[in-house]
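Peer 1:
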Amino acid sequence: MIELLFLLLPVAAAYGYVMGKNSAKNQAHEYSRKITSEYSKGLKFLLDREEDQGLEHLIQLLEVSADSVEHYLTLASLFRKRGEIDRAIKIHELLLNQPNLDERIMSDCRLELAQDYIMAGLLDSAEEHLIILVKSNNTQALEPIINLYSQMSEWQKGVNMFEAHSDLFSKRSHCAAIANFYCETALSSQTPKLMEKTFALNHKTIRPMYELGLDAYKNEDYVKSIYYWRKLICSFTDTAPIYMEQLEHSYNALNLQSQFYELISELLPKGGMLIKIKHCQSLLELNKANEAIEFLTDSLKREPSIRGFSYLLKLLSSKNHKLQDVLHEIDHLVTSYINTKPEYQCRHCGFTSHKLYWLCPSCKHWETIRPNKGVDGF
Ligand SMILES: [Zn+2]
238 MIELLFLLLP VAAAYGYVMG KNSAKNQAHE YSRKITSEYS KGLKFLLDRE
288 EDQGLEHLIQ LLEVSADSVE HYLTLASLFR KRGEIDRAIK IHELLLNQPN
338 LDERIMSDCR LELAQDYIMA GLLDSAEEHL IILVKSNNTQ ALEPIINLYS
388 QMSEWQKGVN MFEAHSDLFS KRSHCAAIAN FYCETALSSQ TPKLMEKTFA
438 LNHKTIRPMY ELGLDAYKNE DYVKSIYYWR KLICSFTDTA PIYMEQLEHS
488 YNALNLQSQF YELISELLPK GGMLIKIKHC QSLLELNKAN EAIEFLTDSL
538 KREPSIRGFS YLLKLLSSKN HKLQDVLHEI DHLVTSYINT KPEYQCRHCG
588 FTSHKLYWLC PSCKHWETIR PNKGVDGF
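To get our numbering, take the position in the sequence shown, counting from 1, and add 237.
(1) Under a three-way DSSP split, which group does Thr435 fall into?
(2) Which one of Ser407, Ser502 and Thr422 has the shortest CA to CA distance from Trp392?
(3) For Val255, name the three-state secondary structure that DSSP assigns.
(4) For Cys471, which option in Gly508, Leu491, Asn492 and Leu438 has the closest C-alpha, if you only look at C-alpha atoms?
(5) When a residue counts only if its C-beta is closer than 6 Å to some heavy atom of ligand 1, which residues count, in chain order?
(6) Taking just the CA atoms, how far does Cys586 sit from Asn439?
(7) Pro429 lies in the alpha helix (DSSP H); which residues open and close that run?
(8) For Gln335, does the three-state DSSP call read helix, strand or coil?
(9) What separation, rounded to the nearest whole angstrom, lies between the Cα atoms of Ala477 and Glu349?
(10) Arg347 and Leu333: beta carbons closer than 8 Å?
(11) Leaving out five residues on either side along the sequence, give the residues of the same chain with a beta carbon under 8 Å from the beta carbon of Val612.
(12) In the DSSP output, what is Gln582 paired with across the bridge?
(13) Can you give me the C-alpha to C-alpha distance between Ala526 and Leu549, rounded to a whole angstrom?
(14) In three-state terms, what does DSSP make of Pro598?
(15) Where do the ends of the alpha helix (DSSP H) carrying Gly450 lie?
(16) Here's the rule: buried if 16 or more other CB atoms are within 10 angstroms of the residue's CB, otherwise exposed. What is Arg607?
(17) Could you check what DSSP says for Glu540 in three-state terms: helix, strand or coil?
(18) Roughly how many whole angstroms lie between the Cα atoms of His402 and Ile415?
(19) Distance check for Ile382 and Met398, CA to CA, integer angstroms please.
(20) Taking the alpha carbon of Glu321 as the reference point, which residue from Tyr354, Ser462 and Ser305 has its own alpha carbon closest?
(21) By how many angstroms is the C-alpha of Asp562 removed from the C-alpha of Lys601?
(22) Roughly how far, in whole angstroms, is the beta-carbon of Tyr581 from the beta-carbon of Asn609, given that I think they are within contact range, below 8 Å?
(23) Leaving out the 5 sequence neighbours to the left and right, which residues in its chain are closer than 6 Å to Gly614 when beta-carbon positions are compared?
(24) So what does DSSP say about Asp353, is it helix, strand or coil?
(25) Judging by CA-CA distance, which residue of Cys412, Lys394, Leu451 and His411 is the nearest neighbour of Lys430?
(26) Can the beta-carbon of Leu560 be found closer than 8 Å to that of Leu533?
(27) Which of helix, strand or coil does DSSP assign to Gly509?
(28) Within 10 Å of its beta-carbon, does Ala261 have 16 or more other beta-carbons around it, so buried, or fewer, so exposed?
(29) How would you label Glu604, buried or exposed, when you count the other beta carbons within 10 angstroms and need 16 or more for buried?
(30) Hey, how far is the Cα of Gln496 from the Cα of Leu424?
(31) Just mark Glu566 as buried or exposed, buried being the case when its beta carbon has 16 or more other beta carbons within 10 Å.
(32) When burial is assigned at 16 or more other CB atoms within 10 Å of the CB, is Glu364 buried or exposed?
(33) Let me make sure I understand the geometry here. Which of Ser487, Glu482, Pro445 and Trp595 has the alpha-carbon closest to that of Lys461?
(34) Does at least one heavy atom of ligand 2 sit under 7 Å from the Cβ of Pro598?
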């Protein structure tokens, strides 16, 4: 505690300066005497390890020295870092009760207090303060309240907040969160149409398009599944491994295989080994096995990929009957290796998984987990 006292020295210095300038005024002298006395009392309590009383005395100085709020915020932040959340809460609550603070400082204190409540597990109290901030158009409150609703699985509350203050949501990460709130609400109430509302968001998002495609696919409405997934694959080509097989099946069910390969051909410049493998398949359909082998070998030289190598082994074994058993055995080993590698990775924190999560279990960001890229990826 004693090492924190240095934070309070500028309060005394600033006060002395201000009071020195107005030394002609008796009233100021009286204030000075009062503050010096309160300040000394506060320090004495702190030195005597009577921290609660010490803090209360020092907080009283704020009545005449609003400039020192920053020091108190720093002090509270240090308490929070040390895990002394109750003390941080005490300082922020006392600051918030000061009648002379301006609106911006009040908002900063309220935001800090909400963070304290979240850390203390007092989520309802945190929500209360964050809602006040959002209602006053404070965009800094969006991140914590989105995280709070994600943590509490309060999807409908998140949707309601968005619909009342949609003009505040301009960041991609916020739009991704809201899109997923709509998806969770739509899936639990079995009203997939609700997800279409996300198309008006300021940023394109992934999951609504995927879920709408999946819903259509399950209902064998392949025209619709192609409609949604085609849009998705063109905007976010790296998501292709999540639904590629169902997308191909949708085209095949409508006897539109050539259109599927046309789409693959369009996507080739955007890269990704899975797209290249599908392109090889289209060449095989045209009896162009040698061209497929040449294309894949060339791609692998420029962009090594275990999955690409495995597919090349399959192509080679179908062409070379003498080496078929050996190639098959090597491919078996390569496939075993691939199966040990996680299919998904968070672009934000690096968390890896064999399963797709829309909300990263590690960093709690929405839609940051994508199919893996690179040598072991797709
Ligand atoms: Zn993450």
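Glycine is no exception: its CB is placed at the ideal position from the N, C-alpha and C atoms.
Peer 2: Reading from the atomic positions:
(1) By one-based count along the sequence shown, residue 435 stands at place 198. Assigned with DSSP and collapsed to three states, Thr435 falls in helix.
(2) Here the question's residue 392 lines up with position 155 in the sequence shown. Closest option to Trp392, Cα to Cα, is Thr422.
(3) Locating residue 255 in the sequence shown gives position 18, where the first residue counts as 1. Legend: pLDDT at Val255 = 48, less than 50; position of this residue unreliable, no value from coordinates given.
(4) To locate residue 471, count along the sequence shown from 1; it is residue 234. Taking each of Gly508, Leu491, Asn492 and Leu438 in turn and checking the Cα distance to Cys471, the smallest one comes out for Gly508.
(5) Near ligand 1, meaning a beta-carbon closer than 6 Å to one of its heavy atoms, we find Cys583, His585, Cys586, Phe588, Cys597, Ser599, Cys600, His602 and Thr605.
(6) Start at 1 with the first residue of the sequence shown, and residue 439 comes out as number 202. Start at 1 with the first residue of the sequence shown, and residue 586 comes out as number 349. Between Asn439 and Cys586, the C-alpha separation is close to 24 Å.
(7) In the sequence shown, residue 429 corresponds to position 192, counting from 1. From DSSP, Pro429 is part of no alpha helix (DSSP H); its letter is neither H nor E.
(8) Within the sequence shown, the letter at position 98 stands for residue 335. Coil.
(9) The sequence position of residue 477 within the sequence shown is 240, counting from 1. The sequence position of residue 349 within the sequence shown is 112, counting from 1. Ala477 and Glu349: Cα-Cα distance of roughly 41 Å.
(10) By 1-based counting over the sequence shown, the position of residue 347 is 110. By 1-based counting over the sequence shown, the position of residue 333 is 96. Cβ distance < 8 Å, so Arg347 and Leu333 count as in contact.
(11) To locate residue 612, count along the sequence shown from 1; it is residue 375. The beta carbon of Val612 sits closer than 8 Å to those of Pro541, Ser542 and Ile543, all from its chain and outside the five residues before and after it, given in chain order.
(12) Numbered from 1 along the sequence shown, position 345 holds the residue referred to as residue 582. Gln582 pairs with Thr589 and Arg607.
(13) Position 289 of the sequence shown holds residue 526. Position 312 of the sequence shown holds residue 549. Taking the Cα positions, Ala526 is about 11 Å away from Leu549.
(14) Residue 598 sits at position 361 when you count from the first residue of the sequence shown. Taken through DSSP and simplified to helix, strand or coil, Pro598 comes out as coil.
(15) Here residue 450 refers to the residue found at position 213 when the sequence shown is read from its first residue. Per DSSP, Gly450 belongs to the alpha helix (DSSP H) from Arg444 to Lys455.
(16) One-based indexing of the sequence shown puts residue 607 at position 370. Arg607 is buried by the Cβ-count criterion.
(17) As a working note, residue 540 is residue 303 in the sequence shown. Glu540 falls in the coil class under three-state DSSP.
(18) Residue numbering aside, residue 402 sits at position 165 when the sequence shown is read from its first letter. Residue numbering aside, residue 415 sits at position 178 when the sequence shown is read from its first letter. Taking the CA atoms as reference points, His402 sits about 12 Å from Ile415.
(19) Within the sequence shown, the letter at position 161 stands for residue 398. Within the sequence shown, the letter at position 145 stands for residue 382. Those two C-alpha atoms are separated by around 10 Å.
(20) As a working mapping, residue 321 is identified with position 84 in the sequence shown. Looking from the CA of Glu321, the closest CA among Tyr354, Ser462 and Ser305 belongs to Tyr354.
(21) In the sequence shown, counting from the first residue as 1, residue 601 sits at position 364. In the sequence shown, counting from the first residue as 1, residue 562 sits at position 325. Rounded to the nearest angstrom, the two C-alpha atoms are 47 Å apart.
(22) Numbered from 1 along the sequence shown, position 344 holds the residue referred to as residue 581. Numbered from 1 along the sequence shown, position 372 holds the residue referred to as residue 609. The Cβ separation is near 6 Å, so the contact holds.
(23) Against the sequence shown, residue 614 aligns to sequence position 377. Scanning its chain for C-beta atoms nearer than 6 Å, with the 5 sequence neighbours on each side dropped, one finds no residue around Gly614.
(24) Indexing the sequence shown from 1 puts residue 353 at position 116. The three-state secondary structure of Asp353, taken from DSSP, is helix.
(25) Against the sequence shown, residue 430 aligns to sequence position 193. It is Leu451.
(26) Along the sequence shown, one-based indexing puts residue 560 at 323. Along the sequence shown, one-based indexing puts residue 533 at 296. Cβ atoms of Leu560 and Leu533: not closer than 8 Å.
(27) Within the sequence shown, the letter at position 272 stands for residue 509. Three-state result, Gly509: coil.
(28) Translated into the one-based positions of the sequence shown, residue 261 becomes position 24. For Ala261, the pLDDT reaches just 47, beneath the cut-off of 50, and the residue's location in the model is therefore unreliable, leaving the point undetermined.
(29) Counting from one through the sequence shown, the residue named residue 604 turns up at place 367. Per the 10 Å Cβ criterion, buried.
(30) On the sequence shown, residue 496 is found 259 positions in, with the first residue counted as 1. On the sequence shown, residue 424 is found 187 positions in, with the first residue counted as 1. Pairing Gln496 with Leu424, the inter-Cα distance amounts to about 31 Å.
(31) Reading the sequence shown from its first residue, position 329 is the one you call residue 566. Within a 10 Å sphere around the beta-carbon of Glu566 sit fewer than 16 other beta-carbons, which makes this residue exposed.
(32) The residue labelled residue 364 in the question sits at position 127 within the sequence shown. Classification of Glu364: buried, given that the 10 Å Cβ count is 16 or more.
(33) Reading the sequence shown from its first residue, position 224 is the one you call residue 461. Nearest of Ser487, Glu482, Pro445 and Trp595 to Lys461, Cα basis: Ser487.
(34) Looking at this structure, you won't find ligand 2 anywhere; what it does contain is ligand 1.
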